[in-house]
Amino acid sequence: MADDYVSYTMASSKWRRSGFVEIVSAYETPIASFPISFLETCGDNTWHYIDHVVSLVIEVDTQHPGGVVDADGLPVNSSDAPVAGSFRYLEQGKNTDIVFARGPEYFSHTIAPTGIEESTRSMSSYASRSRPDQAGFREELLIRDGACLLTNEVSSLVCDAAHIVPQSRPDVYKELQGDSYGMFEASAGLLLQKTYHKSYDALKWSLYQKGDTYYVHYFNPDNDTQRSFNGKAIPPERFRYLDKPDPVLIAWHYTQAVRMRIRGHSVGMWSAPWPEPTNFVFDISAAFFVAIRKRVEALLAHIKPTKVIAHNPLFAAEILLYLMKARNRQYKDVKDIEFADDERARGIKAHSQVIVMLSSRTAASSRSPAGRSPIQFAKGPQDAVIAAEAWIGCFPSSMVEPEALDAMRRDEMLCNFGTMVDVGEGVTTLL
Numbered sequence: 001m002a003d004d005y006v007s008y009t010m011a012s013s014k015w016r017r018s019g020f021v022e023i024v025s026a027y028e029t030p031i032a033s034f035p036i037s038f039l040e041t042c043g044d045n046t047w048h049y050i051d052h053v054v055s056l057v058i059e060v061d062t063q064h065p066g067g068v069v070d071a072d073g074l075p076v077n078s079s080d081a082p083v084a085g086s087f088r089y090l091e092q093g094k095n096t097d098i099v100f101a102r103g104p105e106y107f108s109h110t111i112a113p114t115g116i117e118e119s120t121r122s123m124s125s126y127a128s129r130s131r132p133d134q135a136g137f138r139e140e141l142l143i144r145d146g147a148c149l150l151t152n153e154v155s156s157l158v159c160d161a162a163h164i165v166p167q168s169r170p171d172v173y174k175e176l177q178g179d180s181y182g183m184f185e186a187s188a189g190l191l192l193q194k195t196y197h198k199s200y201d202a203l204k205w206s207l208y209q210k211g212d213t214y215y216v217h218y219f220n221p222d223n224d225t226q227r228s229f230n231g232k233a234i235p236p237e238r239f240r241y242l243d244k245p246d247p248v249l250i251a252w253h254y255t256q257a258v259r260m261r262i263r264g265h266s267v268g269m270w271s272a273p274w275p276e277p278t279n280f281v282f283d284i285s286a287a288f289f290v291a292i293r294k295r296v297e298a299l300l301a302h303i304k305p306t307k308v309i310a311h312n313p314l315f316a317a318e319i320l321l322y323l324m325k326a327r328n329r330q331y332k333d334v335k336d337i338e339f340a341d342d343e344r345a346r347g348i349k350a351h352s353q354v355i356v357m358l359s360s361r362t363a364a365s366s367r368s369p370a371g372r373s374p375i376q377f378a379k380g381p382q383d384a385v386i387a388a389e390a391w392i393g394c395f396p397s398s399m400v401e402p403e404a405l406d407a408m409r410r411d412e413m414l415c416n417f418g419t420m421v422d423v424g425e426g427v428t429t430l431l
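Position 411, counted from 1, in the sequence shown is what UniProt numbering calls 411; the numbers after and before it change by one each time, with no gaps.
In structure tokens:
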């Protein structure tokens, strides 16, 4: 089981205009933090709601039922409105501490989400319009929702067809629904304005079900407009003609959101092996040359310091090709790439069609007669090409599925072949 600890910006840091309800265990372990101002506007300002959320962020021990008690050790009244202060969650007859529930998870089953809004993602809940099933998914949501569920904007140009559970998680659909065939049904999506789609994927807000009504719970608002959406009621009649959002999928998203924003840290998850988005840079030669690296990095001043350096590019490119799915329109889809039998041709194919080169040159041009001279070749392969860019491939991490990044990190063979992370100042470490 992965054991990296990732902390997140909590709701308590975004709702500072009032006190907080702090829930701790019998051993003083912090469990959850609820801003009073959030509770007062969320649509369910009761101790029952707090008890429910606590049950989502810990492993409920059915052998030792638990509940929230006040400073005198008396159980709180579930129908009362919570008051600011520190309260304990006690499990009857238990002499060990609580156990936290695994997660949060989102794009990946094993890598903890960042909690940061991403401008580009290959396998987020974004629905591309290029595939028939995704196009149909979008059309159904436009018919059913008609406008963004939060802002009521009606323009189809500013609204996305958002998946309640990311497309990258067919395993979740199978677990919750028995199969993943309903991933593109209207019941699996929400129509959201682009800004709120990104914040939804960042688990800054979610939908909470009470009775047959959904309530917007905006845990981490960045402004008063977003704060005003907290507690917005979305009744069942808001959804027309087609199936309403699946409450099971909604509950899954809500669970991940409270584990991130109310508990505030991950449990049993890997931390991301590198910041996202990250630019992967690797050489197209059989070995990596420091002099070329320095020249290339000088050309890439806009790229953040963290880069992935692969010392075995043909092998690495082939692995990436099989694992990734290109979603950006400027990339050719993996299924459309035909592999040649020749290893070198296969590698060149990978570089020229998937890797974003730093110049107009391609891997093929670096091996052509025009790209080298006998004198340069005699000095060594690193001097065989005039332009350093011809030796270097570059592509953004948004091209790669989260599961692929996780697999790369855990693949001993890939790591042993030299995939390294440049952590700055000439220091590299294995993933």
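Just so you know, even glycine gets a beta-carbon here, dropped at the ideal spot from N, CA and C.
Could you name each continuous alpha helix (DSSP H) segment of 4 residues or more that falls completely within the UniProt domain "HNH nuclease" (148 to 206), going from the start of the chain to the end? 170 to 177, 194 to 201
Express the C-alpha separation of Val154 and Tyr215 in angstroms, rounding to a whole number. 20 Å
Selected residue, minimal CA-CA separation from Ser86, among Arg169, Ser266, Tyr106, Pro35: Pro35
Leaving out five residues on either side along the sequence, give the residues of the same chain with a beta carbon under 7 Å from the beta carbon of Tyr106. Pro113, Pro166, Leu203, Gln256
Here's a check: name, in chain order, each residue in its chain whose Cβ is nearer than 6 Å to the Cβ of His48, leaving out the five neighbours to either side. Ser78
Mapping DSSP to helix, strand and coil, what is Tyr27? coil
Coil, strand or helix - Ala11 by DSSP: helix
Kindly give me the distance between the Cβ atoms of Asp145 and Phe239, rounded to whole angstroms, as I take these residues to be in contact under 8 Å. 7 Å
Compare the Cα-Cα distances from Gly231 to each of Glu22, Phe219, Asn223, Glu237 and report the closest residue. Phe219
Which value, in whole angstroms, describes the spacing of the CA atoms of Ser13 and Phe100? 21 Å
Coil, strand or helix - Val6 by DSSP: coil
Any idea which residues DSSP pairs Tyr215 with across the strands? Tyr208, Ala233
What's the call for Asp246, buried or exposed, on a 16-neighbour Cβ count within 10 Å? buried
In three-state DSSP terms, what is Leu74? coil
Need the endpoints of the alpha helix (DSSP H) that Leu56 sits in, please. 47 to 57
Beta-carbon gap between Asp70 and Ile98 smaller than 9 Å: no
Going straight from the alpha carbon of Thr41 to that of Val172, what length do you get? 31 Å
Following the continuous beta strand (DSSP E) through Leu90, name the residue where it begins and the one where it ends. 85 to 91
Can you name the residues that DSSP bridges to Ala32? Ile23
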